[in-house]
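Below is one structure; the comments refer to it alone.
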Amino acid sequence: MEIRKGPARFSLKELRTNMIQAKDLEVTIGRLAMEEEWEPQGPTPFPGIKDLRAWDFKFLSRYKPFYAPFCDLCCLCTYGKCDLTAGRRGACGIDIKTQQARIVLLACCIGAATHTAHARHLLEHLLLKYGEDYPINLGPEIECEMPHVRLVCGIKPKTLGDLTYILDYCEEQIVQCLAAVHTGQEGNYLDFESKALHMGMIDHVAMEVADVEQIITYGYPKGDPNAPLTEIGCGCVDVTKPLTLSIGHNVAPSIEIIDYLRKAGLGEPGQAIEVAGLCCTAHDMTRYTNQAKIIGPMSYELRFIRSGIADVIVLDEQCIRTDAVEEAWRVKTPVIAANERACYGLPDLTELPVEAIVNKLVRREIKGAAIFDPEKVGAVAVLTALRMQPLRKKYKAIPDIDQIKQAASPCTFCSKCRRNCPWDLPTDEAVNAAKHGNIEPLAQLYDRCIGCGRCEEACPQHIPVHSLIVAAGERKFKTEKFKVRVGRGPILDTEIREVGAPIVLGEIPGVVAYVGCANWPTPMSDVGRMAYEFARRGYIVTSTGCSAMAIAFYKDEEGRSPYEVFGGGFLRGELSNEGSCVANPHISDACIKIAYIYARRNLRGNYEEIADYILNRVGACGVAWGAMSQKAASIATGFNRIGVPVIVGPQGLKYRRLYLGRVEDEESFKVYDARTGERVFVGPAPEHLVYVAETVEECMVWTAKLCIRPSDTTKGRMIKLTNYVDLYKKFYGKLPEDLPMLVRTEADIPVTFKDEIMEFLKAKGWQPHPMPSIDPTMLERLIRVKRV
Amino acid sequence: MEIRKGPARFSLKELRTNMIQAKDLEVTIGRLAMEEEWEPQGPTPFPGIKDLRAWDFKFLSRYKPFYAPFCDLCCLCTYGKCDLTAGRRGACGIDIKTQQARIVLLACCIGAATHTAHARHLLEHLLLKYGEDYPINLGPEIECEMPHVRLVCGIKPKTLGDLTYILDYCEEQIVQCLAAVHTGQEGNYLDFESKALHMGMIDHVAMEVADVEQIITYGYPKGDPNAPLTEIGCGCVDVTKPLTLSIGHNVAPSIEIIDYLRKAGLGEPGQAIEVAGLCCTAHDMTRYTNQAKIIGPMSYELRFIRSGIADVIVLDEQCIRTDAVEEAWRVKTPVIAANERACYGLPDLTELPVEAIVNKLVRREIKGAAIFDPEKVGAVAVLTALRMQPLRKKYKAIPDIDQIKQAASPCTFCSKCRRNCPWDLPTDEAVNAAKHGNIEPLAQLYDRCIGCGRCEEACPQHIPVHSLIVAAGERKFKTEKFKVRVGRGPILDTEIREVGAPIVLGEIPGVVAYVGCANWPTPMSDVGRMAYEFARRGYIVTSTGCSAMAIAFYKDEEGRSPYEVFGGGFLRGELSNEGSCVANPHISDACIKIAYIYARRNLRGNYEEIADYILNRVGACGVAWGAMSQKAASIATGFNRIGVPVIVGPQGLKYRRLYLGRVEDEESFKVYDARTGERVFVGPAPEHLVYVAETVEECMVWTAKLCIRPSDTTKGRMIKLTNYVDLYKKFYGKLPEDLPMLVRTEADIPVTFKDEIMEFLKAKGWQPHPMPSIDPTMLERLIRVKRV
Amino acid sequence: MASILPSRTSPYETGNIPGPQMALSPDKAPTIYAALTKRAKNPLLIVGKYVLEFELDGKLLIDYAIEIARKRDMPIVATAHTLKGFLERNFPAVSMGLVDIVNRLQDPNFTVDPRKPPPHDLVLFLGITYQFASQGLSTLKHFAPHLKTITLCKWYHPNADWSFPNVKNEEWKQLLEAFIKALG
Amino acid sequence: MASILPSRTSPYETGNIPGPQMALSPDKAPTIYAALTKRAKNPLLIVGKYVLEFELDGKLLIDYAIEIARKRDMPIVATAHTLKGFLERNFPAVSMGLVDIVNRLQDPNFTVDPRKPPPHDLVLFLGITYQFASQGLSTLKHFAPHLKTITLCKWYHPNADWSFPNVKNEEWKQLLEAFIKALG
Ligand code: SF4
Ligand code: SF4
Ligand code: SF4
Ligand code: SF4
Ligand code: SF4
Ligand code: SF4
Ligand code: SF4
Ligand code: SF4
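See the structure below:
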């Protein structure tokens, strides 16, 4: 073991311990960026659970937790199951409200843990490959390179090795919060929420680490607004070539597949071999080379595995169907589990020679192999694909179109499939129609089905309902092919300089982020429809993960993907794909950077002030239309803590908790005018922090509305209201009722609707607000002139 | 901030990363004990998830996971609820078996996180108070001071500061495993179990850190077999004095209460002020001074709070009733929340002066205060108790005996109370009898009621059923007072030297550990009944936590507590209390030390070999008769991984998983004889790794049986069988059916039952086994002479 | 043998089992619900997106909703974008997202209908996405002890206090019509 | 209104709601169960600690158990320490912990009764601690598709395939006696 040169390093945990004693001293230790006087240290570097609690309680008094219990019982300890219906307490004394908050915290802990574990695992791999001194360099246009880390931790990491400390901190905090979930620990819902918000924040830090480490080492686009387009859809792969399919989020083994191809003289992906991915790993492969192919989001896993197209499947971690190995075995596709966190019971063959593993896989001696060395995975995957491809052409688990009728024939129209479908899709009617020869109803489900397979599980006749849907949609399935922009990564400082002012003033009507999973209520192209609409309206539209994929599935009237229509900048009227799920913090980072670069606020350890800034001035809104996972819960909660509202689709209510304001409680919607210390009612700006929409129409109206901020200038407010009113009128048929609260002076009124709105306001007895333009804050300490 | 002197330190995580490259090199860094050549490094220092997977899979192939699903549904993501009944898969592809294993892992993650967070939080406090160079010194009779840390981490920490690194590692592993719980991650039940076992192991490491750090700094007994006796029971406090009541597990604030008394000239606890505790914090207070009083286990919380005896309540963390603040408010007892992980929504008054906080509490301006500075808690608690005591004498929430009838009068005998009682106690009959004037049935429930309050929650008439039970048991409640031994902490090396051989040879028939929570099926004194019986029989009996308390509630025919009857050593026929829950690893450590000291096996990074050793040679068995919490789940699982079987009470099946052997599958119960490499059937030794018993009688029979090991000499086996057969005959009425498997040669047969057993064996066609005495191992690599 | 989901009065979605308290679904639901509605002091009808999508023999669900509301002079909250349908029909529905109205209904001092004193004591659900409605009903079940809920959809909704059973369109139409008739 | 736990056929313990599949509890339970038992090829009776503790009008539950077993020449597995009671009554019960027998019953190749070919196709439960039995039944429900379970206790057991309803001792006695009688 090599002893590292240079000055000593201390673990951040030690620093934190000592910092309790030395709060206001500057820390100057070792190689960590702390020694630099880049900024004075703020009040909360490396915050623990209690340090931002006051901030949480402050905004939770406006955005009160709303609970929709998903289960009336608790089954977490052996006293249970306890009946918590309508306020009954469990054996440990907990009530239903507190219990819901507890489960929310648990979900956020799991979400944050997943990204942190991912970041840690990938970092260990990258440290071995690139060394700890590998510099963190995001290119000349990004000086402020890890805003969340700076803001939360109060440090400025410079090398790959420095990231270790950030993850130490994240791990410690996750363990602290998870401990609070234990029976007989935290007992108050607001405190559970505060911890959930803490986990959300930690999640953004961990994701930032995860994405930055791969961007710098793998040479991903460093905030490139012109990141190239690449292909997505089952139709984008050449099925005559051997194909490796990666599923998951941790790209290391997939990178090694591509590197192996290159080293072995097999050229780029798509030449001798197709290299395709599902879920976020696919995004990250295309960030490495846009010759890799994206099959689609999580909802495409079952159909693509069953299609039998893949010659080998590499599972890394997260968003893997847990029946993947069984489904692959049915179509004779060998599987490689490449990650400790998802071993699938497969034998650990890491120590065997490549050839031996390939033999076992190709001869079907085993369903798959666990290989915990990414480089070896690369070699085994490629060699297995090459050898499997000629062998297994004929295997698939999806019937041919002409077999559908027969497969459907045992259907008794019992509707159990439909009643087990998360979206109540009319599978019963469709299968029954197919039984009688009409496959059209099945084909119509193709776009709506999220590929969960629950219909099949319920069918007493064992009819492969999902497969029938895919079979009926075969033409679409085999040929669909769209354009998606490769994940660009972070937002450039230069972009922030361009859009900072117009965002804060409201002249860019908002930043909309389409994020999250594939549990969509409507065809996934609806995400694209929304993104298209907002980009068209001049919003800055961003996206990540499955949602960034879904956008590609929308085509405008000219048949173009939104990515082809709009530029990829973080700019007015442009539409960017930031990348995989761990690219989400680039969006919150953009908000932070607005405060930093445009408003010159200090970031360092200064979370509260920046969150206050964003909540009151940065008109950003997240949309997680198909949010499903615990990760999505913690990501959304992290957006909330930094002051960004989020809209989720109807299933989002199963997360059990929203943060809803009640604007009629005027006191709660008052802020300080920092210039005078006066309390000013700012109206619903924004009204909620997490909202659930039932329909796409409702979602679009609320997206526009949740971008409204107290800091809007009259021009800015006018622009935002133009969009809000226009969408509201279009979908709801009239003027919105809350206009009197949103129009502060006549100058706020959209020109297009001037007369109509004036008349409406008059009828409502509207009076101009005394103070249309303020310097809004919720933090008393930021008041410059104290009220007398 | 002071820059630390001395050589540089590196975080263990860095070391691990580098160690991957440098596996066989010795690590010589900084002040960590690694540089010492105390032992060669074993194969798995700082194991990650995958590193002990092979070991887990090996013994899981004998002790197969048995699942008792506690819910047929899964509600963990927004696809749900998914119906997993009888093998149906959820929307993510998971099936019921895998789902149960996933929940087991989740529970173990929560358990391990709770102890790790506790250890971390306490360590930060102690580092401030005692400095990082504070030596780890457990006294002259303990050379091998942190066996679990040595075994798992492969390092030998020397100072308080060194413990930081161990917790870094624990946190990392917890986060890694928690990530595996995420939807769409791990998909195989055996892999979930392997991770749960990993968490159990980590939990023992974290608990060891937590207990050692408090032992060395607070001057607790360092393995003292003659630790003093102290008092337990509601009757042990002088109710005329002001009383502070601490509830929880993290003793820091309670220590400060005692220190404040001393500093303020108020003498020792019990003089001017009573200092009492509930749950493990109480154990740990008495380890600091045996003048502190133990009220009882978790089941006593509600009754004691409601009694109104406490003048102030300090909540630290864990095992707090989540309605504690509300219940305290009813009887006007102010509350202090002293821990971030359990803030109870109380305002953070840490920054206020002591007097100001006391005023707010005494004037009932607030229900309680969060104070995150233990020293301040000490002052506020004492001063509040002093001022509250004269004010609040009259408040209590338990009716007087003569009010019972009236309180019971609205009872409609609807039985909803009973149907909501976890133990189906006949509350309906008892309340109804009281209504008609007979309170005896209520009084009879006093000993059986676990104090959960669910009866009251269910009563449509709002009858305070639990309070009526306590009221009816008033005399007992107010006067009960028992003797418990103060937690002694670790086992001495000298003790191990004395008992190591007889344990391995079987001549001490076993080590029995009574551990875990208060969810007891029968009166808690039954734990004492069992402990008494086994100590009497010459077993080494140990105990921790609520179970160590329960033992004190048993009285023998002469009215003595088991602790008064038996010595406190880790010696034949003695009964020790190791301490609070975090003292549990002292028991597993004793097993490890047997391998180390008696058998001279290397510990360092050598987990597999030591677990194999313990499973095959150390006749130890844990009994968690009232196991309730996630912590208990992870503790038990940690015992399992190191080779110690555990018996849980009937509610334990709600943990959802057991590890059960099937001894008729002879192949699975074969081990290698390390001397020859031959495979030898060893019979049910032990038969199961986690077993659930329905009755105390069954539990006792199984305790004796699960202490049997392949390594028993004939004399040892004879002694063990004497106990097993004796108990079996006594409770079951005949000879056990598995004798033919357990009796290897005639010399194994207990003398007392010789003829009877010979006859029985003959009737069964028994033949002496070819190889009665072997050197058993499950690890091929330990075979000294390879089989030809 | 035990079977999964006996059809009519088990939660429509297989896994939607909330706990021990599940909706009553009496045989004479239309009459009983009409009686409950008539007896209520301040009933409220909440409708969702399906009112613009579901037809029963050519009659849109929204028209049933309006009929019901008119019979009892009951306000309608139109969730999502359904307001548009009501405007087209000149019915003065109040537009509010489902979670917004459910959030407010937890407050015993809230009423949609300014003519009547709070709280709403009976809330009827119609035409809302099944699982979304189910969660909203859960909130009311747990946190709005001052009101009862009835669902008029064709699904058995366990989280309501009263629910129609699971029925096909034919029977649903009959139930709705009987209910309207019984409203007087 | 919806009520918590309508008495007879809801899980005896309030919170014991497992999921969509819950036991049938037919009106003519004794006759039906007797028919099922007679039809079964290899039925098994498992009894727990209450057989030594519960009396119905002075007759211990263990005596009911033995009567039932004798009627059908069915083996009894005596869990916990209940073997003792059977020895006293000279009934050749097999002693095995509940989880041990349940574990083995998952194996279609296992039979307690060497005279009959595996698997056991029907398993009756009597006198086992409620929640302990419930968990054991859950294992069988999920992992022993080759067998059905009947509970003869006075509690409705959702995890069984068939269960008596929740009854008081009086009615329980009648049910047990009717069952024994119907066994012929
Ligand atoms: S954690 Fe509390 S509510 Fe949940 S099962 Fe345990 S005692 Fe009941
Ligand atoms: S569950 Fe199967 S049989 Fe029933 S309607 Fe659906 S496809 Fe037909
Ligand atoms: S696979 Fe598609 S149709 Fe089947 S249950 Fe899932 S979403 Fe519904
Ligand atoms: S968006 Fe959701 S489903 Fe898609 S990859 Fe990310 S976490 Fe998975
Ligand atoms: S919380 Fe989930 S797992 Fe627990 S009882 Fe409810 S549905 Fe079942
Ligand atoms: S985690 Fe899987 S089984 Fe659980 S609710 Fe989500 S999709 Fe269903
Ligand atoms: S408090 Fe006692 S009697 Fe009441 S439900 Fe709990 S254990 Fe049963
Ligand atoms: S729930 Fe209340 S009314 Fe019913 S039996 Fe129990 S004490 Fe009596």
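Just so you know, the sequences run in chain order R, E, U and F.
Residue 59 in the numbering used here sits at position 59 of the first sequence, and the numbers go up by one each step.
Residue 1232 in the numbering used here sits at position 232 of the second sequence, and the numbers go up by one each step.
Residue 2134 in the numbering used here sits at position 134 of the third sequence, and the numbers go up by one each step.
Residue 3117 in the numbering used here sits at position 117 of the fourth sequence, and the numbers go up by one each step.
Glycine is no exception: its CB is placed at the ideal position from the N, C-alpha and C atoms.
Predicted, not measured: the structure shown is a model, and the values here were computed from it.
In the DSSP assignment, E:Thr1722 falls within the alpha helix (DSSP H) that extends over Thr1714 to Tyr1732. At a beta-carbon threshold of 8 Å, none of the residues of chain E lie near F:Asn3109; the nearest stands roughly 11 Å away. For R:Leu106, the closest C-alpha among the options E:Gly1733, E:Asp1224 and E:Cys1077 is that of E:Cys1077. The closest heavy atom of ligand 1 lies 6 Å or more from the beta carbon of R:Ala636.
Only buried fits R:Asn723, as 16 or more other CB atoms lie within 10 angstroms of its CB.
Nearest to U:Arg2008 by alpha-carbon distance, out of U:Leu2024, U:Phe2143 and U:Gly2097, is U:Leu2024. Out of E:Asp1738, E:Ile1594, E:Asp1556 and E:Glu1564, the CA that lies nearest to the CA of E:Pro1228 is found in E:Glu1564. In chain order, the residues with a C-beta atom nearer than 7 Å to some heavy atom of ligand 3 are R:Cys417, R:Asn420, R:Cys421, R:Pro422, R:Trp423, R:Leu425, R:Thr427, R:Leu445, R:Cys449, R:Ile450, R:Gly451, R:Cys452, R:Gly453, R:Arg454, R:Cys455, R:Glu456, R:Val465, R:His466, R:Ile469 and E:Ala1091.
In its chain, beyond the 5 residues on either side, Val1331, Tyr1395 and Lys1396 have a beta carbon closer than 6 Å to the beta carbon of E:Gly1308. Within 8 Å of the CB of R:Gly453, the CB atoms of chain E belong to Arg1089, Ala1091 and Gly1093, in sequence order along the chain. If you check the CB distance, E:Glu1039 and E:Asn1640 do not come in under 7 Å. One alpha carbon belongs to R:Val149, the other to R:Lys156, and they sit about 7 Å apart.
For E:Ala1091, the three-state secondary structure derived from DSSP is coil. Here DSSP, grouped into helix, strand and coil, assigns R:Phe482 to strand.
Looking at the DSSP output, R:Ala370 shares a beta bridge with R:Ala337 and R:Asp348. Residue-level contact check: U:Thr2014 touches chain E, since one or more beta carbons of chain E fall below 7 Å from its beta carbon. Distance from the CA atom of F:Ile3128 to the CA atom of E:Gly1265, rounded to whole angstroms, is 58 Å. In chain order, Asn519, Ala627, Met628, Gln651, Gly652, Lys654 and Tyr655 make up the part of chain R whose C-beta sits under 7 Å from the C-beta of E:Thr1078. One finds Ile2017, Gly2019 and Pro2020 in chain U with Cβ atoms closer than 7 Å to the Cβ of F:Ile3017, taken in chain order. Secondary structure of U:Trp2162 (DSSP, three-state): strand. In this structure, the alpha-carbon of R:Ala328 lies about 15 Å from that of R:Ala370.
Between E:Gln1176 and R:Glu213 the beta-carbon gap is near 17 Å, outside 8 Å, which marks them as no contact. Minimum Cα-Cα distance from R:Pro43 among the listed residues R:Tyr79, R:Leu163 and R:Val152 corresponds to R:Val152. Relative to the non-hydrogen atoms of ligand 8, the Cβ of E:Val1499 never comes closer than 6 Å to any of them. Closest in C-alpha terms to E:Ile1049, from the list R:Ser547, R:Phe372 and R:Pro269, comes R:Phe372. Within 6 Å of the C-beta of R:Gly80 there is at least one heavy atom belonging to ligand 1.
Contact of U:Tyr2156 with chain R is not assigned, every C-beta pair being separated by 7 Å or more.
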